[in-house]
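Offset between the sequence shown (1-based) and my numbering: plus 235. Report on one structure; see the data block that follows.
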Amino acid sequence: MRGSNRAAGRPAVCRHSTALSKSDVRALCLGFPDLVEKIRWRQPAWFARTMFARMYDEDTLSVKSEESLALIHAQAEPSLVDPYGRGDESTVLVLLGRIDRAELEELLIEPYRLASI
Numbered sequence: 236m237r238g239s240n241r242a243a244g245r246p247a248v249c250r251h252s253t254a255l256s257k258s259d260v261r262a263l264c265l266g267f268p269d270l271v272e273k274i275r276w277r278q279p280a281w282f283a284r285t286m287f288a289r290m291y292d293e294d295t296l297s298v299k300s301e302e303s304l305a306l307i308h309a310q311a312e313p314s315l316v317d318p319y320g321r322g323d324e325s326t327v328l329v330l331l332g333r334i335d336r337a338e339l340e341e342l343l344i345e346p347y348r349l350a351s352i
């Protein structure tokens, strides 16, 4: 797509009035205990002992996940994508315009726990 900054193979984000924002993600992440926010690749990133999530761009969150491919294939409506289109087992991109706050919170719990060990 000409003039687009979308990652290859990434569906367009459907923006609507209830779309989550970077501020919503920050509020959820900072709700976890013993968490540090740092800037990585010019975007906020969240660390327990290691990084578990970072903003990929204004509308997309990158989350470490041991079960990323299973999450991607199990969804009924695309809100999670493989960031590089090559079956990356450790990362999932979350399209913030297609996921609600409760789903995002649930998605962040396991990566935070693993990053805390």
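Backbone N, C-alpha and C define an ideal beta-carbon position, used for all residues, glycine too.
Less than 8 Å separating the beta-carbons of residue i and residue j?
i	j	result
Ala-283	Ala-350	yes
Val-271	Pro-346	no
Met-286	Arg-277	no
Taking the straight line between their C-alpha atoms, what separation do you get for residue i and residue j?
i	j	result
Ser-256	Leu-342	16 Å
Leu-328	Cys-264	16 Å
Tyr-291	Pro-268	23 Å
Ile-352	Ala-254	32 Å
Glu-340	Arg-348	12 Å
Leu-331	Thr-295	6 Å
Ser-300	Ile-344	10 Å
Trp-281	Arg-333	21 Å
Ala-337	Thr-326	20 Å
Closest to residue i by C-alpha separation, out of the options, would be which residue?
i	options	result
Pro-279	Thr-285, Arg-289, Ala-254, Val-271	Arg-289
Glu-293	Glu-338, Gly-266, Arg-336, Val-260	Val-260
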